[in-house]
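To start, the structure itself, in structure tokens.
Set out below in structure tokens:
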């Protein structure tokens, strides 16, 4: 398939192979944005014409805040000082904790 022939239908087909329980936000983060970045880079390099990549519909964001007492207990029961520091840091900056911990553990497995 030529780069010029890649379009929205290909994005939808690729994202459709993902498990069905994911949200539009996940599909946009894992498929739409990288897909659009590659096609826009190709456009800027004059390898294809312009394309508008449409995002999947997303639900309004729901902010889920952990119970402060539970967070304090989790931090207090961390096994090591680095774990305690990491948990405190993740709580303070409001990072997507699950994604951050997954990325850290993947990095540890590779080294």
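Residue numbers (the working numbering): 1 to 111.
Just so you know, even glycine gets a beta-carbon here, dropped at the ideal spot from N, CA and C.
Just so we're clear, the structure is a prediction, and the values are computed from it rather than from any experiment.
Runs of alpha helix (DSSP H) wholly within the stretch 29–70 (minimum 4 residues, chain order): 33–44
Cβ pair count under 8 Å reaching 3, the stretch 23–39 against the stretch 75–88: no
Three-way DSSP call (helix, strand, coil) for residue 24 in this model: helix
DSSP-derived helix/strand/coil call for residue 81: helix
Contact between the stretch 81–95 and the stretch 46–59 (3+ Cβ pairs under 8 Å): no
Residue 8 - containing alpha helix (DSSP H), residue span: 8–16
C-alpha gap between residue 27 and residue 16, whole angstroms: 9 Å
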